[in-house]
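S.K.:
There are 2 protein chains.
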Amino acid sequence: MSAAVADDKPRNAQTVKALLKLREMVLNGELPPGERVAELSIVDRLGVSRTPIRMALVRLEEEGLVDCLATGGFVVREFSDQDIADSIELRGTMEGMAARRAAERRPDRAELAEIRDCVGNLDALIRRRELSMDDFSDYIRLNDRFHSLLVELAASAVLKRSIERILHLPFASPNAFVFVQSELPESREILSIAQEHHRSILEAIEHGEGGRAEALAREHSRIAQRNLQVALSNQQQRDRIPGASLIRQRERA
Amino acid sequence: MSAAVADDKPRNAQTVKALLKLREMVLNGELPPGERVAELSIVDRLGVSRTPIRMALVRLEEEGLVDCLATGGFVVREFSDQDIADSIELRGTMEGMAARRAAERRPDRAELAEIRDCVGNLDALIRRRELSMDDFSDYIRLNDRFHSLLVELAASAVLKRSIERILHLPFASPNAFVFVQSELPESREILSIAQEHHRSILEAIEHGEGGRAEALAREHSRIAQRNLQVALSNQQQRDRIPGASLIRQRERA
DNA sequence: CCCTCGATTTTTGTATCCAATACCGGTTTT
DNA sequence: AAAACCGGTATTGGATACAAAAATCGAGGG
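Residue numbers (my numbering), protein chains in the order written: chain A, 1 to 253; chain B, 1 to 253.
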C-alpha cells in the first residue's frame, strides 16, 4: 500500500517557491513597477539562494511580468491600462477560438458532463436571493472552472498553453474584477448576463455552432472590459492619479 | 565620434548562445523529440557551463519546445501534426485580432508607409516571369516583414509578445512551408492568392474595416494550413510512417 | 525466464565562488 | 558652477562545488 501522504516535496521546491512568491510580490505591488529587482535583496527576503531566484526571474520575464534590462538584471514591468485591456481582449479572442474549436469537435455527452455540471451549479448559485461573500468566492471558483473546462474542450495543447500563460498577466484572469461587481448595485444583473453567456456558449457547443460559440465567448470577455472601466473610474475618483495601478483595489478581493 | 564598432558583446553572451543553439538543435531534430536533454551532454557540445544551459532550457520550456519532467530535467517536446495545425490556427487567430485592431486604430499615412512599401515590393516580386531560389528567399523576407508590420500596426505590446512567442514553435512561422510551395506546379498561383490577401488586408486596414481585416488575416493563415497538408502527404508518400516529423523536409528550406 | 532488490553511477537542484562591469559619489578641471 | 573624470562598491553572469534524488545495471530469487 502506498504510504505517501500529501508530503509532495517537488524536486525543485526552492525554485517554485521563488517563482510563486516573486509573482505574488509583483502582482500585489510589493515590488513596484519600474523597480529593479536586485537578486540579493530577494535572497534575504525569501531565504533561498540566488540560483532559484534567477530561474524564477527568467520565467517571469517570459511571462511578461518583468523585463530584462539591457545592462543586465530585471525590472518590474509597468502595465498600462491599455495593456490590461489588451490582455483581456486577447484572452477573449483565444477563448473564442477555444469555444469554436470545442463546438466543431462535437464532443459527446460524457465530455460535456463536467461543464454542464459547472453551469448547473452556477445557475443554482445565481438563483439565491442574497449573495454573501462566500457566494462570491464560490462564484469565482465555478467561473474559473467553466473557463478551464472550455479550454479543455477545445482539446488543443498549444491553445491551452497560450491561454494559461496570459492568465498570469495582471488582471487578465476571468474573475480579476469580480470584486468590483460585488460592490456594484447592478451586481446581480451583471452576474445574470455572464451566466446567460455561459449557458449559451455551452448550448452553441452542444449544437456544434462554432461561429456562435466564438462570438459569444468574445462577447463574454466584454464584461471583464466593462469591469475594468468601472474599476479605473472608481480609482480615478478616489485619488486623482489617472493611469495609476489598480493594486490597492485588488487587495480587497 | 563614436568609436564603438559592432563589437556588441552582450553581457549574457553565453546564455543567448545556448538559447539559440539549443533552439536550433531542437528544431532541426538534432535533439529528437522525446529525448531527455542531459545538461552535461550539452556542456561538452556547446562549451559553456551548466548555468547558461539551464537558463536557456527554462526559456525553451516557457516557449513550449521542451517539457519539464516531473522527476526533474527536460525532454524535447513531441509535436503532433495536430499541434502544428493548432499553432497555425492560433497564429491566424491572433493575427486576425492584430489586423482588426490595426484597422480600428485608423493609422495615418505615415504609419502605413512601411507596410505599403512592403506590399508594393511583394507585388513587384510576384510579377517576375520566373521565380528563382533567390526570389523565394526575398519573398520569405518580405512576407515576414509584412506580418511583423501588421502586428506592429496593432500597437499592442501584449499581443505582439504573444504572437512572437508562438512563432518560435515548430512550423508556426508564416513562411515555414513556403519551401513546399516552391516545388509545387501551382506555386505561382498560391503566391498570387497570398499576395491578394496581403493587399486586401492592407486595404481593409486603410478603410478602417476591422471585421474584414480580421476575416482576411484568418483566411490568409489557411494557406499555411494547406501547405502543411501538402507537406504531410508528401512525406507520407515518401516514407510510410504516418505522423512522423517534418524535419527532413525542412532542412531543404 | 522474468521480476525484484540493491549498489553504483549519473544527473539534477541548489549554494557558493569568481571575474567583469555597471552604478554612485566625490573630485578635479575648465 | 557645470561637466567630465575617476575610484570604490555593488551587482550581475558564468563556473564550479556539493548533496540528494534518480536512472542504470547486475545479482539473486521466484
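All C-beta atoms, glycine included, are put in the ideal place defined by N, C-alpha and C.
I166 of chain B touches chain A at which residues, Cβ-Cβ below 8 Å?
M.R.: Ordered by position in chain A, the residues that pass the 8 Å Cβ test against I166 of chain B are V158, S162.
S.K.: Measuring CA to CA, which of B:E30, B:E63, B:L150, B:V75 is closest to L112 of chain B?
M.R.: B:L150
S.K.: Classify Q236 of chain B as helix, strand or coil using the three-state DSSP reduction.
M.R.: For Q236 of chain B, the secondary structure class from DSSP, reduced to helix, strand or coil, is helix.
S.K.: How many Å lie between A102 of chain B and E186 of chain A at the Cα?
M.R.: 34 Å
S.K.: Locate the beta strand (DSSP E) running through F74 of chain B, then write down its first and last residues.
M.R.: 74 to 76
S.K.: Cβ of A194 of chain B within 7 Å of any heavy atom in the ligand FMN?
M.R.: Because no ligand of any kind appears in the structure shown, any question about the ligand FMN cannot be addressed here.
S.K.: At a CB-CB cut-off below 8 Å, which residues of chain B make contact with M133 of chain A?
M.R.: By Cβ distance, chain B contributes nothing, its closest Cβ being about 31 Å from M133 of chain A, past 8 Å.
S.K.: Going by alpha carbons, who is nearest to I257 of chain B out of B:V76, B:V75, B:S182, B:A85?
M.R.: The structure shown does not extend to residue 257 of chain B, since chain B spans only 1 to 253, so no value can be given for it.
S.K.: What is the rounded straight-line gap between the Cα of Q235 of chain A and the Cα of C118 of chain B?
M.R.: 44 Å
S.K.: Does DSSP put R36 of chain B in a helix, a strand or coil?
M.R.: strand
S.K.: In terms of residue numbering, what span does the alpha helix (DSSP H) encompassing D254 of chain A cover?
M.R.: Absent from the structure is residue 254 of chain A, since the part of chain A shown begins at 1 and ends at 253.
S.K.: What residue does the beta strand (DSSP E) around V48 of chain B start on, and which one ends it?
M.R.: For V48 of chain B, no beta strand (DSSP E) run applies, since DSSP gives it neither H nor E.
S.K.: May I ask you to report which of helix, strand or coil DSSP gives D67 of chain B?
M.R.: strand
S.K.: Closest to G212 of chain B by C-alpha separation, out of B:E189, B:N12, B:R199, would be which residue?
M.R.: According to the sequence as given, residue 212 of chain B is Arg; it is not Gly. The candidate whose alpha carbon is nearest that of R212 of chain B is B:R199.
S.K.: For F209 of chain B, which of B:R116, B:R100, B:R109, B:A176 has the nearest alpha-carbon?
M.R.: As written in the sequence, residue 209 of chain B is Glu, which differs from the Phe given in the question. Taking only the C-alpha atoms, the option nearest E209 of chain B is B:R100.
S.K.: Is the CB-CB distance between A70 of chain B and L19 of chain B below 8 Å?
M.R.: no
S.K.: Given S180 of chain A, which residues of its chain have a CB within under 6 Å of its CB, disregarding the five upstream and five downstream residues?
M.R.: Inspection of the sequence shows that residue 180 of chain A is occupied by Val rather than by Ser. Around V180 of chain A, the same chain offers N227, V230, A231 as residues with beta carbons nearer than 6 Å, after the five sequence neighbours per side are excluded.
S.K.: Is the Cβ of G34 of chain B closer than 8 Å to any Cβ of chain A?
M.R.: no
S.K.: Is there at least one Cβ from chain A nearer than 8 Å to D83 of chain B's Cβ?
M.R.: Closer than 8 Å to the CB of D83 of chain B there is at least one CB belonging to chain A.
S.K.: Look up A13 of chain A in the DSSP assignment and say whether it is helix, strand or coil.
M.R.: A13 of chain A: helix per DSSP, three-state reduction.
S.K.: Quick check: is the beta carbon of G210 of chain B nearer than 8 Å to any beta carbon in chain A?
M.R.: no
S.K.: So, is the C-beta of D86 of chain B closer than 8 Å to a C-beta in chain A?
M.R.: yes
S.K.: First and last residue of the alpha helix (DSSP H) that includes D81 of chain A?
M.R.: 81 to 105
S.K.: What residues in the region 18 to 43 of chain B have a beta carbon less than 9 Å from any beta carbon of chain A?
M.R.: none
S.K.: Taking the alpha carbon of D144 of chain B as the point to measure from, which residue in B:R129, B:E104, B:R109, B:A194 has its own alpha carbon closest?
M.R.: B:A194
S.K.: Of the choices A:R218, A:P10, A:V37, A:S132, whose alpha-carbon is the least far from that of L22 of chain A?
M.R.: In terms of CA proximity to L22 of chain A, A:V37 leads the group A:R218, A:P10, A:V37, A:S132.
S.K.: Residues in the same chain with beta-carbon distance under 8 Å from L122 of chain B, minus the five sequence neighbours each way, listed in chain order, please.
M.R.: Y139, L142, N143, F146, Q195, H198
S.K.: With DSSP as the reference, label L20 of chain A as helix, strand or coil.
M.R.: Three-state result, L20 of chain A: helix.
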